[in-house]
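K.L.:
Encoded as structure tokens, here's the structure I'll be asking about.
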Amino acid sequence: MIKKESIIKKYLFLLLVFYSEIFYAQEGKELEHVIIEGKTNSLPFSQTSQNIQIITRKQIEEIPAASIEELLSYFSGIDVRQRGVHGVQADISIRGGSFEQVLVLVNGVRMNDSQTGHNTLNIPFDMAAIERIEVIKGPAARRFGQNAYAGAINIVTRPSGKNDVTVTGSGGDFGTYSLSSALNLSGKKLSQFFQVETSQSDGYRFNTDYLIKNVWYQNKYKLNKGEMQFQAGIIEKKFGANGFYSSPKAEDQYEQIQTSLVSLGWNQFLGNFKVSTNAYWRRSQDEYLYNRNNPMAYRNLHIGNNIGIEVVGTYVSILGTTGVGGDFRKEFLSSNNLGKREREVSYIFLDHHFLFLNNHLDITPGISFAHYSDMGNYWYPGIDIGYRIDEKNKIFANFGKTYRIPSYSDLYYSDPVNDGNSELKPENALSYELGYRLSSKKLRGSISFFRRESKDLIDWTKDKENDKWKPINIAKVNTNGVEVDFTQHFLTTFIKSYSIGYTYLDNELKNIKAHFSKYSLDNLRHQLVIKIEHKLMKNFSNQIVYRYNDRASLEDYHLLDDKLMYQLNKITAFVQVNNILNTQYTETNLVPMQGRWILMGISFKNIF
1 MIKKESIIKK YLFLLLVFYS EIFYAQEGKE LEHVIIEGKT NSLPFSQTSQ NIQIITRKQI
61 EEIPAASIEE LLSYFSGIDV RQRGVHGVQA DISIRGGSFE QVLVLVNGVR MNDSQTGHNT
121 LNIPFDMAAI ERIEVIKGPA ARRFGQNAYA GAINIVTRPS GKNDVTVTGS GGDFGTYSLS
181 SALNLSGKKL SQFFQVETSQ SDGYRFNTDY LIKNVWYQNK YKLNKGEMQF QAGIIEKKFG
241 ANGFYSSPKA EDQYEQIQTS LVSLGWNQFL GNFKVSTNAY WRRSQDEYLY NRNNPMAYRN
301 LHIGNNIGIE VVGTYVSILG TTGVGGDFRK EFLSSNNLGK REREVSYIFL DHHFLFLNNH
361 LDITPGISFA HYSDMGNYWY PGIDIGYRID EKNKIFANFG KTYRIPSYSD LYYSDPVNDG
421 NSELKPENAL SYELGYRLSS KKLRGSISFF RRESKDLIDW TKDKENDKWK PINIAKVNTN
481 GVEVDFTQHF LTTFIKSYSI GYTYLDNELK NIKAHFSKYS LDNLRHQLVI KIEHKLMKNF
541 SNQIVYRYND RASLEDYHLL DDKLMYQLNK ITAFVQVNNI LNTQYTETNL VPMQGRWILM
601 GISFKNIF
């Protein structure tokens, strides 16, 4: 272990030296401003003072991933622990947090539910619908509320503004196939997007078959100095869950999930004032069978509904940009295991974005207040500070305090191997970050040092191997880390671009008496992602990705993936190979992941 740590440290040192040399060797124009959409203030990327990862449409098309879950795993600082493949079931965390500590939004509408964080990534569309993904690494609770403890992910979809239709099909090993069609309709005032997708597989081992169906619709209607937006979608998953939950020996488990999302929004500009409203409804239905061949042996059925409305106002003055807003929602859960539960949640947000020194210095203090009808009141203060040295270089720091309310599964779940704990207290943490960011046409890079001081962290633990799992409040966990990311683009060479991302995490666990942990003792310590994109010949491009993951309590492993694309006029074809090295590894719950897997596909796009 000491030898491995030494090798990693030497590699990181060389990486940082190389990184610093590149910074001053490149020239180029400033990266175009992308608007990062917050709850109260939407700011150009250059004016943000947090570590924010923007995953572009181009990256989404080129990365060798078959689902949104797999896509996110190709970026450092994001830990996606999959049970199975292609988005069947996965948990996501940021900077060593748990899967309950990441907020996921679709166009600003929350996808998390009160039952469990295991359902967070049930997104009702596939990658082809996404324009970009905004990943905030670090606390975002003062802007977005509950679950944005360690970070937040906003998936942005939009009609293209064109009239086109796209049909895509793919197939590969283990009887895997996927079919999707998408339609964009654009008029003078109304733009619409509609997508239907289905995917299926026999599975890479016993009882890992799946069937996934998505339907997604979105529109935007232009008003006089305003806009209305409507979105609606549903995803249905049916899959064998061999060893996913309970115990690795439970080979006949099965799960069916339905998640739907509907929202209606309105934005209006009134001089220097902008008002935004959004009404939303998220429904989830989760049915679990311990034995798919004997449904009556053990069955759980959970039906949850979140219904809410938010109103946000933004005012621009000579003093900067002020944002204030409120969010009220009702959360319902009906379950044969968790019982009938409901709560009311109210939020109030306030922050102000100052610009000083000819827009070189930005300071954004903010605070939010949350009231839970069953858990009490909580305050989320924070501040972001950034100094733009010149058009390309910026240093930044931020601080935030955050809480997370226990999920209903944490509090009340019970089965033969698990027992909830109704006496749990909310998690809370103080987070600090210091970072540097470079943005130019040919090069983007950042380095961040961060610390999160968590108290009453919730984890499922047990003292003896044959004991039941039970969630407890761990006394104290301090997380220290560093993230390094950079991407360089070339215009004329064989290599079109390359990127390197590295994250190091060190958890200081204090006063923990339990010997076994489901989640907190399983974080990534070292994560390295290297992507290389090159042009082989006319119309051919290729991206190869190397990943190294080293977890605190599991064996480290290396993964190599590749995607070859051919594009000619309206047709795009690809061949994708995942896990080229045929690595044997697990990401969570001792579930063996797939070996080498080949997919091939073709897409036809017609503009009319």
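When we follow UniProt numbering, the leftmost residue of the sequence shown carries the number 1, and every step to the right adds one.
For glycine and all other residues, C-beta sits at the position ideal for the given N, C-alpha and C.
Please return the same chain residues whose Cβ sits closer than 6 Å to the Cβ of Asn589, not counting the five positions on each side in sequence.
P.N.:
Numbered from its first residue, the sequence shown carries residue 589 at position 589. Cβ neighbours of Asn589 beyond the five flanking positions: none.
K.L.:
At 3 residues or longer, and completely inside the stretch 553-590: list those beta strand (DSSP E) runs for me, N to C.
P.N.:
As far as the stretch 553-590 is concerned, its whole beta strand (DSSP E) runs of at least 3 residues are 557-568, 571-578.
K.L.:
Following the continuous alpha helix (DSSP H) through Lys605, name the residue where it begins and the one where it ends.
P.N.:
For this step, residue 605 is matched to residue 605 along the sequence shown. Premise fails: Lys605 lies in the beta strand (DSSP E), 597-607, not in any alpha helix (DSSP H).
K.L.:
With DSSP run on the structure shown, which of helix, strand or coil describes Ile22?
P.N.:
For the purposes of this step, residue 22 is taken as the residue at position 22 of the sequence shown. Confidence is the limiting factor: at Ile22 the pLDDT is only 39, short of 50, which leaves the residue's position unreliable and the question unanswerable from this model.
K.L.:
With DSSP as the reference, label Tyr412 as helix, strand or coil.
P.N.:
Within the sequence shown, numbered from 1, the residue matching residue 412 stands at position 412. Reduced to three states, the DSSP call for Tyr412 is helix.
K.L.:
If we ignore side chains and look at the alpha-carbon of each, how far apart do Leu301 and Leu338 end up?
P.N.:
By 1-based counting over the sequence shown, the position of residue 301 is 301. By 1-based counting over the sequence shown, the position of residue 338 is 338. Distance between the alpha carbons of Leu301 and Leu338 is about 9 Å.
K.L.:
Given 8 Å as the limit, is there contact between the stretch 423-437 and the stretch 400-408, that is, 3 or more CB pairs closer than that?
P.N.:
They touch, by the three-pair rule.
K.L.:
Assign Asn112 to one of three DSSP states: helix, strand, or coil.
P.N.:
Your numbering for residue 112 matches position 112 in the sequence shown. In the structure shown, Asn112 sits in coil (DSSP, three-state: anything other than H, G, I, E or B).
K.L.:
To the nearest angstrom, how far is it from the Cα of Gly169 to the Cα of Ile602?
P.N.:
Here residue 169 refers to the residue found at position 169 when the sequence shown is read from its first residue. Here residue 602 refers to the residue found at position 602 when the sequence shown is read from its first residue. Cα-Cα distance, rounded: 6 Å.
K.L.:
Taking three-plus beta-carbon pairs below 8 Å as touching, is the stretch 216-231 in contact with the stretch 177-196?
P.N.:
Yes: the two stretches touch, three or more of their Cβ pairs being nearer than 8 Å.
K.L.:
My output table needs one value for Phe494: the three-state DSSP class, helix, strand or coil.
P.N.:
As a first step, residue 494 is located in the sequence shown; it is residue number 494 there, counting from the start. In the structure shown, Phe494 sits in coil (DSSP, three-state: anything other than H, G, I, E or B).
K.L.:
Over the uninterrupted beta strand (DSSP E) stretch that includes Leu338, give me the two end residues.
P.N.:
In the sequence shown, counting from the first residue as 1, residue 338 sits at position 338. No beta strand (DSSP E) contains Leu338, which DSSP labels as neither H nor E.
K.L.:
Helix or strand or just coil, what does DSSP make of Gly96?
P.N.:
Translated into the one-based positions of the sequence shown, residue 96 becomes position 96. Gly96 falls in the coil class under three-state DSSP.
K.L.:
Tell me, which residues are paired with Leu185 by DSSP?
P.N.:
Numbered from its first residue, the sequence shown carries residue 185 at position 185. Bridge partners of Leu185: Gln192.
K.L.:
Closest Cβ-Cβ distance between Lys188 and chain D: below 8 Å?
P.N.:
As a matter of chain content, chain D is missing from the structure shown, which is built from one protein chain.
K.L.:
What residues in its chain sit with their C-beta under 6 Å from that of Leu509, if we drop five residues either side in the sequence?
P.N.:
The sequence position of residue 509 within the sequence shown is 509, counting from 1. So the qualifying residues of the chain are Val477.
K.L.:
Please look up how many angstroms separate the CB atoms of Arg437 and Lys394, rounded, as I've assumed it's under 8 Å.
P.N.:
For the purposes of this step, residue 437 is taken as the residue at position 437 of the sequence shown. For the purposes of this step, residue 394 is taken as the residue at position 394 of the sequence shown. Going by Cβ atoms, the distance from Arg437 to Lys394 rounds to 5 Å, so yes, they are a contact pair.
K.L.:
With a cut-off of 8 Å on the beta carbons, I'd call Ile130 and Thr157 a contact; round off their distance for me.
P.N.:
Counting from one through the sequence shown, the residue named residue 130 turns up at place 130. Counting from one through the sequence shown, the residue named residue 157 turns up at place 157. The pair is a contact, with the Cβ atoms about 6 Å apart (cut-off 8 Å).
K.L.:
Going by the CB atoms, is the gap between Ser114 and Arg333 shorter than 8 Å?
P.N.:
Here residue 333 refers to the residue found at position 333 when the sequence shown is read from its first residue. Here residue 114 refers to the residue found at position 114 when the sequence shown is read from its first residue. Here residue 333 is Leu; the residue named in the question, Arg, does not match the sequence. Cβ distance < 8 Å, so Leu333 and Ser114 count as in contact.
K.L.:
Count the other CB atoms, across all protein chains shown, that sit within 10 Å of the CB of Glu344; report buried if there are 16 or more and exposed otherwise.
P.N.:
Your numbering for residue 344 matches position 344 in the sequence shown. Exposed: under 16 other Cβ atoms inside 10 Å.
K.L.:
Quick check: what's the CA-CA separation for Gly325 versus Gly435?
P.N.:
Looking up residue 325 in the sequence shown gives position 325. Looking up residue 435 in the sequence shown gives position 435. Whole-angstrom Cα-Cα distance: 29 Å.
K.L.:
Helix, strand or coil for Ala152, going by three-state DSSP, please let me know.
P.N.:
Taking the first residue of the sequence shown as 1, we reach residue 152 at position 152. It is a strand residue.
K.L.:
Below 8 Å between beta carbons: does that hold for Gln253 and Tyr210?
P.N.:
Position 253 of the sequence shown, counted from the first residue, corresponds to residue 253. Position 210 of the sequence shown, counted from the first residue, corresponds to residue 210. Contact: no.
K.L.:
Kindly indicate which three-state DSSP category Met127 falls into: helix, strand or coil?
P.N.:
On the sequence shown, residue 127 is found 127 positions in, with the first residue counted as 1. Correct three-state label for Met127: helix.
K.L.:
For a quick check, are the C-beta atoms of Ile532 and Leu560 less than 8 Å apart?
P.N.:
Stepping through the sequence shown from its first residue, residue 532 is reached at position 532. Stepping through the sequence shown from its first residue, residue 560 is reached at position 560. In this structure, Leu560 does not lie closer than 8 Å to Ile532 by Cβ.
K.L.:
Beta-carbon separation of Ile307 and Gln285 under 8 Å?
P.N.:
Position 307 of the sequence shown, counting from 1, holds the residue named residue 307. Position 285 of the sequence shown, counting from 1, holds the residue named residue 285. No, the Cβ-Cβ distance between Ile307 and Gln285 is not below 8 Å.
K.L.:
Report all residues from its chain with a CB closer than 6 Å to the CB of Arg596; omit the five preceding and five following residues, and keep chain order.
P.N.:
The residue given as residue 596 occupies position 596 in the sequence shown. Only Asn579, Asn582 meet the Cβ criterion.
K.L.:
Identify which residue in Gln146, Gln488, Ile257, Thr314 has its Cα closest to the Cα of residue 612.
P.N.:
In the structure displayed, the chain extends from 1 to 608; residue 612 sits before or after that span and is not available.
K.L.:
Out of Ile234, Ser73, Ala241, Gly240, which one is the CA nearest neighbour of Ser263?
P.N.:
What you label residue 263 is simply residue 263 of the sequence shown in a count that begins at 1. The candidate whose alpha carbon is nearest that of Ser263 is Ile234.
K.L.:
Whose CA, out of Arg110, Asp415, Glu134, lies closest to the CA of Leu71?
P.N.:
Position 71 of the sequence shown, counted from the first residue, corresponds to residue 71. Considering only alpha carbons, the answer is Glu134.
K.L.:
Would you kindly check if the distance between the Cβ of Ala148 and the Cβ of Leu103 is under 8 Å?
P.N.:
On the sequence shown, residue 103 is found 103 positions in, with the first residue counted as 1. On the sequence shown, residue 148 is found 148 positions in, with the first residue counted as 1. In contact: Leu103 and Ala148 (Cβ atoms closer than 8 Å).
K.L.:
How about Asp562 and Pro64: are their beta carbons less than 8 Å apart?
P.N.:
Here the question's residue 562 lines up with position 562 in the sequence shown. Here the question's residue 64 lines up with position 64 in the sequence shown. For Asp562 and Pro64, yes; Cβs fall inside 8 Å.
K.L.:
Consult DSSP for Trp478 and reduce its assignment to one of helix, strand or coil.
P.N.:
Counting from one through the sequence shown, the residue named residue 478 turns up at place 478. Looking at the sequence shown, residue 478 is not Trp but Asn. Asn478 falls in the strand class under three-state DSSP.
K.L.:
Nearest CA to the CA of Gly175: which residue from Lys605, Asn542, Leu599?
P.N.:
As a first step, residue 175 is located in the sequence shown; it is residue number 175 there, counting from the start. Of Lys605, Asn542, Leu599, the residue nearest in Cα terms is Leu599.
K.L.:
Measure the CB-CB distance between Ser407 and Glu100 and report whether it falls below 8 Å.
P.N.:
Indexing the sequence shown from 1 puts residue 407 at position 407. Indexing the sequence shown from 1 puts residue 100 at position 100. Yes, the Cβ-Cβ distance between Ser407 and Glu100 is below 8 Å.
K.L.:
In whole angstroms, what separates the C-alpha of Thr314 from that of Pro471?
P.N.:
Along the sequence shown, read from residue 1 onward, the residue named residue 314 stands at position 314. Along the sequence shown, read from residue 1 onward, the residue named residue 471 stands at position 471. Computed Cα separation, rounded: 41 Å.
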